[in-house]
Every structure is written in C-alpha cells, then in structure tokens.
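Single-structure report; data block below.
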Amino acid sequence: MIYDIITEPCDAQYRALMDYAMAHSDAVMLVFSVKKGSKLQNDTKRTVRNQLASWRIKSRHDAQWPVTKSYDTSCLFTIDLYKPSQEVKDYVLSKNSLYAWGENGDPCDIAFFRENECWMATCSHEKSGWLVLEEEPSASFMQCLKPVPHPNDVEFQKIDPRNYMIN
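The working numbering applies: residue 130 is where the sequence shown begins, and numbers increase by one.
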C-alpha cells in the first residue's frame with residue numbers, strides 16, 4: 130500500500146518512523162543541495178559527509194532523485210547512499226521532525242531503500258513524502274499517513290533505478 134505522509138511526524142512520532150525506516154532498509158539516501166559559492170553550506174556538507182564517510186556506499190552528483198528533478202542551476206547536488214548504522218541513525222535523529230532538513234548545508238531530502246527500491250522518500254522544502262508498506266505496522270507514526278486509494282493515479286518520480294543500486 131502506498132501512503133502519503135499527510136502530517137509532519139515530529140518528536141516521538143518522528144523517532145518511531147526513523148526507527149522503523151532504519152530497521153527495514155539496506156540504504157539511506159541523503160541529498161545535499163548547496164548554493165554555488167556558499168562557504169557555510171559547503172562547510173556543513175563537508176562536515177556531515179566526513180562524519181558519515183565510513184558508511185557511505187555510493188555518491189554521485191545529479192539534479193534528480195526519487196521525489197525531485199531540479200532545474201536550479203545555482204545549486205550543486207550531491208546524492209549519497211549510506212548503510213544503515215547507529216551513526217547514520219543518530220545523524221538522522223539529530224532533527225526533531227521529518228521536514229526539518231535543508232538548512233545551511235544539511236541534507237534537503239532523505240529516502241530509504243530496500244533491495245534497490247525506494248520505499249520511502251521525502252521532500253523537505255515541500256513538506257511532503259510518501260512510503261510503501263506491504264503490511265501496516267502497529268506503530269505510532271501510522272497516524273500521520275493516509276493511504277493512496279488509487280496508486281496508479283499518483284505520478285511518483287520516474288527514475289532509473291540503476292542510479293540507486295547498491296551493488
């Protein structure tokens with residue numbers, strides 16, 4: 130079942146969602162969007178990427194990822210895939226809500242992958258996200274979700290899955 134994230138998970142609900150996502154993923158995607166020439170944003174991005182470097186699986190520069198295709202030529206985009214680890218989880222939990230990302234060089238979007246398929250993706254600046262669950266877990270974050278009744282009517286970003294393959 131495909132779900133829209135209709136209200137922003139915050140605090141305990143956000144932590145429950147991230148606990149679930151990290152436990153059910155084999156890769157976490159962080160997307161960095163940095164204005165060309167911004168020292169502050171570049172320094173923050175560099176710090177985060179260095180902090181998580183041991184768990185980085187893959188990195189690329191592209192203006193397209195599961196929820197977005199950007200035409201903003203004033204930004205440079207770095208897309209990193211990380212192995213789920215306690216350190217990556219701690220970093221993701223350094224914010225208190227799902228869309229509190231994208232400021233001053235922090236990642237702007239987060240996505241989770243299982244078997245090379247994106248099953249959860251967010252777009253922080255639009256305060257939107259979606260996820261795909263095969264079975265409904267009994268977790269507190271379910272309150273923020275709304276099932277998509279006609280998934281074929283929803284146009285999820287069509288991407289080349291090879292760009293996100295772990296192997």
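Glycine residues also receive a C-beta, built at the ideal position from the N, C-alpha and C atoms.
Inset, instruction - Taking 8 angstroms as the cut-off, decide whether the C-beta atoms of Ala240 and Met158 are in contact. - result: yes
Legend entry - Three CB pairs or more closer than 8 angstroms across the stretch 245-257 and the stretch 196-208: yes
Inset, instruction - Might you give, ordered along the chain, the residues of its own chain that have their beta carbon closer than 8 angstroms to the beta carbon of Glu284, omitting 5 neighbours on each side? - result: Summary for Glu284: the model assigns pLDDT 49, below 50, so the residue's position carries little reliability; its value from the coordinates is reported in the next sentence. Excluding positions up to five away in sequence, the list is empty.
Inset, instruction - Count the C-beta pairs between the stretch 172-182 and the stretch 215-222 that are closer than 8 angstroms, then say yes if the count reaches three, no if not. - result: yes
Inset, instruction - Could you name the residues of the same chain whose beta carbon sits closer than 8 angstroms to that of Thr173, not counting the 5 residues immediately before and after it, in chain order? - result: Asn233, Gly234 and Asp235
Legend entry - Per-residue DSSP class, three states only, for Glu246: strand
Legend entry - Trp259 versus Tyr211 - alpha carbon distance: 20 angstroms
Legend entry - Distance cut-off 7 angstroms: Ala156 Cβ against heavy atoms of the ligand NAD: The ligand NAD is not among the ligands present in this structure, which contains no ligands whatsoever.
Inset, instruction - Report all residues from its chain with a CB closer than 7 angstroms to the CB of Pro276; omit the five preceding and five following residues, and keep chain order. - result: Met130 and Tyr132
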